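These notes are about the structure you will find just below.
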DNA sequence: GTCTAATCGAGACGGTACGTCGGGTCTTTGA
DNA sequence: TCAAAGACCCGACGTACCGTCTCGATTAGAC
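Residue numbers (our numbering), protein chains in the order written: chain A, 1 to 208; chain B, 1001 to 1208; chain C, 2001 to 2208; chain D, 3001 to 3208.
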């Protein structure tokens, strides 16, 4: 009686050293080269690895770079500790989101991968999973919390609000001017959206 | 009294037939091929033209395709006739904006060019000029009109609102699911943004 | 005790099929096209081979054609069996030398390669090795034999004689008229050179 | 009674300044560039001349360079003053012939044109006329004079002797080693050929 | 003085080929 | 079976020239 899943596939097991070497090389190239100057051949040569060892495990350049990005470069957004100031939370979240792409390496990599995602529908899904879905989830938490503590209107169209704020983020990102995604922009967004988000005051008072 | 502009440069003048042939070929290829399957060589061969005749006038594939797009494919947004219903105008504008990319050809081309814009900073500027700047201008007109007729709040942060709405548009566009940019989404955007845009009612309650 | 020469270099070994295919294609093209109408691209396409597979192993068109020539076209001069008639041997040798270029294919190829050798000093050395050096060696054998059996003068300036006879051969060859290198010309050369080569008769008069 | 040749064709006459400019440019390029690096385009650009003005009067690069060579570079062999020492004359002639190609510019140009002559049968005729025919004539004069004054044998096969000596010259030229065509080689040739050329002494005495 | 005709500089044109790069696959030896 | 190495076919790159063509401008003799 054995487990249906083979406890160990036959043959030489995958070498983790090779895997790491490939990701290291990719991450290293990302630091100095623009995404489109990177090629599988360069990664393989830099990693002292056969090209086949890349193609065996990944689908192509975008795949490898995405892996290197998530394991080597990606600035993980730390979990948000919700406070009792929902607008402050939102502002913080946006600031942090913007800050996460202030590193040119991160920015350039995302642009390269974004480009690839536009050209390759299959890769777009992976790209979306890494770069978009997780952010939406975090976004949602922030908004939900605001609603829960009564500072955001109960009938908020959460998805659309995320489309708007997230959209503004991506829009500026792909527009390419590097200075745009700063704290001031985060503040502008919150300020402009406040009337759309804020729960109506029951006793007619405007914001304190 | 002669014009200071040189009446005619020396040498054989540029052949418009060649130019048209190149743009025709590009536009034709765009109809059947994805952007990344198009190459200068294919354009030249389809257009029965020497490659040099392309490189002489354009910088590369993206440049040519952009030209073909603007002259052959681009769905020009007709000028908006502002009405006395500013929210209706906004909704109309968004619907039309979304409709303009509902044609798969247009959508695919924009995605390809967007990809190129991410990879080539120089091309990004051209891309921005064609795809972004003009839309922002039209957007601004709609918002300014709403302010002028008193339906939009006077202190509206126009630029940020455009970043939000335009951002939502691009965000969905590059996310790639083709069904997203429909009239319902336009309506959702307007509905969600209404409190942020609407001029406060002088005598009391906002619209129920 | 192992051989110091690496028993086998790493990586996929060179494909002999590819090599043969390239040489076949080159030889085939030489049959129908003049040397200057042949291009690497044509060879590659005819051989169903990537251009890189040519550039990987040869330096350019001249290199490939030279290889094809030596392996496919070259009419090897059979080894001369020296007789006791040294002048007859010389005459035979010249006839055979001339006959070897009587095939238009050979002649045209040599002219093309000769042209290349004039333009590219590096290739000239290879050309010289294939077309000139070996002939000089054979020439030398014939002359040395004549000296050895006492029919050629002992103080013969072998190198200069070779320059003269070989020179006459090349001179006519590159002059291009195809009829010139015939048996009659060989006979003329031998007749004219005889007094310069023949060993002086010990007892008096030279041959009347 | 007018000349049958049209006294003047209609239209703008050919500009000699243009012609000179083209030849100057060609000659100038020959000084610094190898023949195969020269192109019609470079000549035209250097001469500040339209390409058509070259093609109008010459057939191609080889044609122009040949013209530039003959008018700008060619070292004219001065007419030989025959003396009463026919072997001395021959030696002088060869020395001068060899000296004429000792200038690298001359040598390189001749090699380039020789290459072209091998590739283009039509050009070969022009090449032969300029580089070969005239030398043969001079050669013939030297040999005829030697015969006339009784120092060369009366039954000399002049054409074959020229083939041999001229051949040796071209053979060394196209072999490319620059040091070969020196006075010593001229002397070797004369020495080796002497028995083949010298008129037999009537009274059995050997030379001098 | 036009008119006609050919030339001139300039440079665009359709082509062919260059030599290089990279993609993704295949074929070795060796672990 | 995996891995390093690297050859393989293929397609495209951007460049260089080819020889031809089309411009406006010019330079003559013919009318």
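Using N, Cα and C, we set each Cβ at its ideal position, and we do this for glycine too.
Just so it is clear, the structure is predicted and the values come from calculations on it, not from any experiment.
Beta-carbon proximity list for residue i, same chain, < 7 Å, skipping 5 on both sides
i: residue 1 (chain A); result: Residue confidence for residue 1 (chain A) is low, a pLDDT of 40 falling below 50, so the modelled location carries little weight; the figure read from the coordinates is stated next. Cβ within range, chain order: n/a, list empty.
i: residue 2029 (chain C); result: 2038, 2042, 2043, 2046
i: residue 132 (chain A); result: none
Rounded Cβ spacing between residue i and residue j (contact assumed at less than 8 Å)
i: residue 3158 (chain D); j: residue 3094 (chain D); result: About 16 Å separates the two Cβ atoms, so there is no contact after all.
i: residue 2199 (chain C); j: residue 2152 (chain C); result: 6 Å
i: residue 2034 (chain C); j: residue 2108 (chain C); result: 6 Å
i: residue 2156 (chain C); j: residue 3164 (chain D); result: So it is not a contact: roughly 15 Å between Cβ atoms.
i: residue 71 (chain A); j: residue 125 (chain A); result: Contact flag wrong, Cβ pair sits at about 19 Å.
Closer than 8 Å to chain D by CB, residue i
i: residue 2164 (chain C); result: yes
i: residue 2115 (chain C); result: yes
i: residue 2107 (chain C); result: no
Residues of its chain near residue i, where Cβ-Cβ distance is below 8 Å and the 5 sequence neighbours each way are ignored
i: residue 1048 (chain B); result: 1021
i: residue 3031 (chain D); result: 3105
i: residue 3061 (chain D); result: 3038, 3039, 3040, 3043, 3116
i: residue 3174 (chain D); result: 3111, 3114
i: residue 3208 (chain D); result: For residue 3208 (chain D), the pLDDT reaches just 43, beneath the cut-off of 50, and the residue's location in the model is therefore unreliable, although a value from the coordinates is still provided. Around residue 3208 (chain D): no qualifying Cβ.
i: residue 98 (chain A); result: 169, 181, 182, 183, 185, 186
i: residue 89 (chain A); result: 80, 82, 83, 142, 145, 146
i: residue 154 (chain A); result: 147, 199
i: residue 1055 (chain B); result: 1040
i: residue 2091 (chain C); result: 2186, 2187, 2190
i: residue 2136 (chain C); result: 2162, 2166
i: residue 1192 (chain B); result: none
i: residue 3010 (chain D); result: none
i: residue 3008 (chain D); result: none
Below-8 Å beta-carbon distance, residue i vs any chain A residue
i: residue 1132 (chain B); result: yes
i: residue 1055 (chain B); result: no
i: residue 1124 (chain B); result: yes
i: residue 1176 (chain B); result: yes
i: residue 1188 (chain B); result: yes
i: residue 1161 (chain B); result: yes
i: residue 1121 (chain B); result: yes
i: residue 1195 (chain B); result: yes
Option nearest residue i by Cα separation, candidates the options
i: residue 1086 (chain B); options: B:1019, B:1169, B:1141; result: B:1141
i: residue 2957 (chain D); options: C:2176, C:2028, C:2194, C:2026; result: Only positions 3001 to 3208 of chain D appear in this structure, which leaves residue 2957 (chain D) out of reach.
i: residue 26 (chain A); options: A:122, A:68, A:92; result: A:68
i: residue 1118 (chain B); options: A:14, A:23, A:36, A:28; result: A:36
i: residue 127 (chain A); options: A:91, A:137, A:59, A:63; result: A:63
i: residue 73 (chain A); options: A:137, A:59, A:130; result: A:130
i: residue 3150 (chain D); options: D:3132, D:3197, D:3122; result: D:3197
i: residue 3058 (chain D); options: D:3013, D:3011, D:3123, D:3010; result: D:3123
Status (buried if at least 16 other CB within 10 Å, exposed otherwise) for residue i
i: residue 3134 (chain D); result: exposed
i: residue 3051 (chain D); result: exposed
i: residue 65 (chain A); result: buried
i: residue 148 (chain A); result: exposed
i: residue 3015 (chain D); result: exposed
i: residue 2045 (chain C); result: exposed
i: residue 195 (chain A); result: buried
i: residue 3160 (chain D); result: buried
i: residue 1102 (chain B); result: exposed
CB contact below 8 Å: residue i versus chain C
i: residue 3167 (chain D); result: yes
i: residue 3192 (chain D); result: yes
i: residue 3157 (chain D); result: yes
Own chain partners of residue i with C-beta closer than 6 Å, once the 5 adjacent residues on each side are dropped
i: residue 2053 (chain C); result: 2018
i: residue 1172 (chain B); result: 1180, 1181
i: residue 3167 (chain D); result: none
Any chain B beta carbon closer than 8 Å to residue i
i: residue 69 (chain A); result: no
i: residue 1 (chain A); result: Caution applies to residue 1 (chain A), whose pLDDT of 40 falls short of 50 and renders its modelled position unreliable; the value that the coordinates give is listed next. Closer than 8 Å: no.
i: residue 182 (chain A); result: no
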